[in-house]
Amino acid sequence: MKQNSNFHSHCTFCDGRNLPEDFVEAAVTNRFRAYGFSSHSPLPFETSWNMSKPDMPDYLAEIKRLKNKYAGEIELYLGLEIDYLDATCNAAIPYFQSLSLDYSIGSIHFLPLNHTLNKEDMACIDGPYRDFEMYLNEYFGGDIRRITESFFASSMQMLETGGFDIVGHVDKIYMNGIRHPGFDLQAGWYQKPFLQLLDLIAEKGYIVEINCKNYARKGQTFPHVTSFQELSKRNIPVIVNSDCHQADLINDGREEAIALLKEAGYKATTELVNGSWQEVGI
Ligand SMILES: [Zn+2]
Ligand SMILES: [Zn+2]
3 MKQNSNFHSH
13 CTFCDGRNLP
23 EDFVEAAVTN
33 RFRAYGFSSH
43 SPLPFETSWN
53 MSKPDMPDYL
63 AEIKRLKNKY
73 AGEIELYLGL
83 EIDYLDATCN
93 AAIPYFQSLS
103 LDYSIGSIHF
113 LPLNHTLNKE
123 DMACIDGPYR
133 DFEMYLNEYF
143 GGDIRRITES
153 FFASSMQMLE
163 TGGFDIVGHV
173 DKIYMNGIRH
183 PGFDLQAGWY
193 QKPFLQLLDL
203 IAEKGYIVEI
213 NCKNYARKGQ
223 TFPHVTSFQE
233 LSKRNIPVIV
243 NSDCHQADLI
253 NDGREEAIAL
263 LKEAGYKATT
273 ELVNGSWQEV
283 GI
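Shown next, in the form of structure tokens:
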């Protein structure tokens, strides 16, 4: 039976390297059951990786065209990875809600530094380490705990605000965090807000993705493998996503992540099947 799927992917409409159809062809070749497009949402400012707002109609039309063209071969889904910036810019606002997406991923890449949504008023936590360190020193007094607190505070607000289905790379802060002295995934100051976040996820019923984009290169999953048991304990539904930016990486790290999920007690992932969220055995 065809069990492979991926619901987190980036194509040439944002910072992906291949055309949407290239990803579909790779997915069909790899006998995927389902494939979801989740371009980085447009923001109030331009970045090198987010979609531009004027491109949205073409994006929607192209994914719909592919859905029709490949119907019967693979289930294709139209989504977005939507940044939570603040109460005025997130997945719940009318602009995103009016797009009639099949699903969306809520993610934190930027921490707002004040109430102005300009690029220079944002600390990006998902870029190169040298940028992370610059933001950390300039805006958080060099205190790794403060930037981590800010990340979890934004994440809690995102969960409360809603408007999306899947929580994207729920603990992305550790990617750069662990490179800084004093950061400790097991420390109380880290674990307390992180577990509160998982409690709220369970209460609200979100799906958490196991993001395996960095697995092959760095052995990392988001969330970190040491927290899979905590997800399992709370019966949090999970989905395994490669967050690929290239068509040859659509399945990268997925098998390994699924094996780790099984070790943590998971027997199924939760995915779109014929248009509704259902459990799929692993
Ligand atoms: Zn992301
Ligand atoms: Zn992504």
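Everything in the sequence shown is counted per this note's numbering, starting at 3 for the first residue and increasing by one.
Glycine included, every Cβ here is placed at the ideal spot set by N, Cα and C.
Asked	Found
C-beta contact flag for residue 68 and residue 91 at 8 Å	no
N- and C-terminal bounds of the beta strand (DSSP E) containing residue 53	Taken as a continuous stretch (DSSP letters only), residue 53 belongs to no beta strand (DSSP E), as it is neither H nor E.
Proximity below 8 Å, CB of residue 138 to CB of residue 144	yes
Nearest candidate by alpha-carbon position, reference residue 73, set 30, 213, 168 and 85	30
Within 6 Å of ligand 1: residues by beta-carbon to any heavy atom	83, 109, 111, 170 and 171
Cβ neighbours of residue 226 in the same chain (closer than 8 Å, five flanking residues each side left out)	173, 176 and 187
Residue 238 versus 51, 211 and 64, residue with shortest Cα-Cα distance	211
DSSP bridge partner residues for residue 13 (one or two, in chain order)	Answer is none; residue 13 lacks a bridge partner.
Cβ-heavy atom distance, residue 85 to ligand 2, below 7 Å	no
Proximity test, residue 245 beta-carbon vs ligand 2 heavy atom, cut-off 7 Å	yes
Alpha-carbon to alpha-carbon, residue 168 and residue 160	11 Å
Inter-residue Cα distance where the pair is residue 244 and residue 11	7 Å
Three-state class that DSSP yields for residue 96 in the structure shown	helix
Option nearest residue 87 by Cα separation, candidates 99, 112 and 165	112
Start and end residues, alpha helix (DSSP H) containing residue 132	131 to 141
Pick from 96, 15 and 264 that is closest to residue 50, judged by C-alpha positions	15
Inter-residue Cα distance where the pair is residue 18 and residue 247	4 Å
Backbone secondary structure at residue 271 - three-state DSSP	strand
Helix, strand or coil at residue 244 according to DSSP, with G and I counted as helix	coil
For residue 188, three-class secondary structure by DSSP	coil
Of the residues 273, 209, 196 and 256, the one placed nearest residue 221, counting alpha carbons only	256
Rounded separation between residue 78 and residue 37 - CA only	5 Å
3-residue-minimum beta strand (DSSP E) runs that sit fully inside the region 162 to 236, ordered along the chain	209 to 213
CA-to-CA distance, residue 23 to residue 140, given in whole angstroms	42 Å
Same chain, Cβ closer than 8 Å to residue 254, neighbours up to 5 away in sequence not counted	214, 215, 217, 218, 244 and 246
Between the CA atoms of residue 85 and residue 42 - distance to the nearest angstrom	8 Å
Through-space distance from residue 209 to residue 280, alpha-carbon basis	11 Å
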